[in-house]
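Chains as they are written, first to last, in the working numbering: chain A, 1 to 189; chain B, 190 to 378. Some notes on the structure that comes next.
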DNA sequence: ATAATATTAGAACACTTATTCTATAACTAC
DNA sequence: GTAGTTATAGAATAAGTGTTCTAATATTAT
């Protein structure tokens, strides 16, 4: 039948994701993406349609990545322990690389980026919010937090915290500062 | 001598600032800036050198704007009252427009933006940090916060909070959510 | 009015952009 | 092998980019 592909879609997507993540949507050219992925220009357009399509694919790819990596502690839903584990993980990774969060970066650049991206980022924030809420429910049952605490508000607060850390980590790469903020913020629970 | 200018530098800068603020550095073209400012292309390059120079000028212009508008309550340094006033102001403005913070946006896009921008944003965050610290010192003296609280950590925490709010406000424009987060976050002090 | 100076309008330039096209090469089922 | 299919390499395209240049225009001191 046909000639087989010489590339791995997953691998191509991974490389494209890092490039977009580092430089943003506008500042990344198809030229660069072709070079960095090693993929042929024609195959690129065959697979993803156009730059926007490729970008959306990297966003989805990143969603899966986040879900696996950072969602894990929260999905265990073991109360405050899970939340602390989550922020330890996030804080560590943020400081280590200094790219921030691909979602946050894209959300910020979003005016120049398709509406579809906005929607996906929105779904992500809601997912994160709900995961926090579940952990807090458990924490309440365990008596780790007072029974009269408003879980919705606290979840929004934790989403906000994550975003703040994301931004700070891109500028101030001192691990200590990030850790300090996490410490202070979690005292609040 | 010479023919007088038909434009007001301040006014030009203001319009350029809003354009960059809305769309980001990369997504804004000189073509658009020329149209939006109504300024002649040649005069543009005469005044600011090039796109990067114009962008830096808008960043400086924004710094002054922020200093006047949002710095005011913090400079009064009346303890917790000032901090609450600050966040009420910030929360309100963030929700009203939905552009986020020009500094934050630029910091995030920064990989594709000159290093000079990075430095300015850095200065801004430090300034903000120090203003918070001063208010907290006063609060401590007034007995509004416990004497053993670490002011440096708390200040970093408040900077982080501001950034988080900034990001959230660009996506979730519900005023209530923003207000909820502020409420929860300030309980921590 | 004239000379000197600066601003203006917008054409022109060189380069980059995303995207499409074309011809060639590689593979498989028959 | 051959036919059919698909990936490949890279040239070609058309529009957009930041920037420079040129000529005309407006103003003021003399």
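Beta carbons are placed, not taken as given, at the ideal position from N, Cα and C, and that holds for glycine. Since the model is a prediction, treat every value here as computed from it, not as a measurement.
Run of the alpha helix (DSSP H) containing residue i, from where it starts to where it stops
i, result
"residue 349 of chain B", "340-360"
"residue 106 of chain A", "102-108"
"residue 262 of chain B", "260-265"
"residue 118 of chain A", "115-142"
"residue 368 of chain B", "364-376"
Status (buried if at least 16 other CB within 10 Å, exposed otherwise) for residue i
i, result
"residue 96 of chain A", "exposed"
"residue 309 of chain B", "buried"
"residue 330 of chain B", "exposed"
"residue 170 of chain A", "buried"
"residue 139 of chain A", "buried"
"residue 229 of chain B", "exposed"
"residue 46 of chain A", "exposed"
"residue 100 of chain A", "buried"
"residue 123 of chain A", "exposed"
"residue 35 of chain A", "exposed"
"residue 164 of chain A", "buried"
"residue 287 of chain B", "exposed"
"residue 191 of chain A", "Outside the displayed span of chain A (1 to 189) sits residue 191 of chain A, for which this structure offers no information."
Coil, strand or helix - residue i by DSSP
i, result
"residue 288 of chain B", "coil"
Quick check: the region 150-158 of chain A against the region 272-288 of chain B, are at least 3 beta-carbon pairs closer than 8 Å? no
**Item:** Contained beta strand (DSSP E) runs [length at least 3] in the region 206-283 of chain B, N- to C-terminal order
**Value:** none
Segment contact flag, the region 49-56 of chain A with the region 77-92 of chain A, C-beta cutoff 8 Å, min 3 pairs: no
- Message: Under 8 Å, with one C-beta from each stretch per pair, do the region 80-88 of chain A and the region 128-137 of chain A reach the 3-pair mark?
- Response: yes
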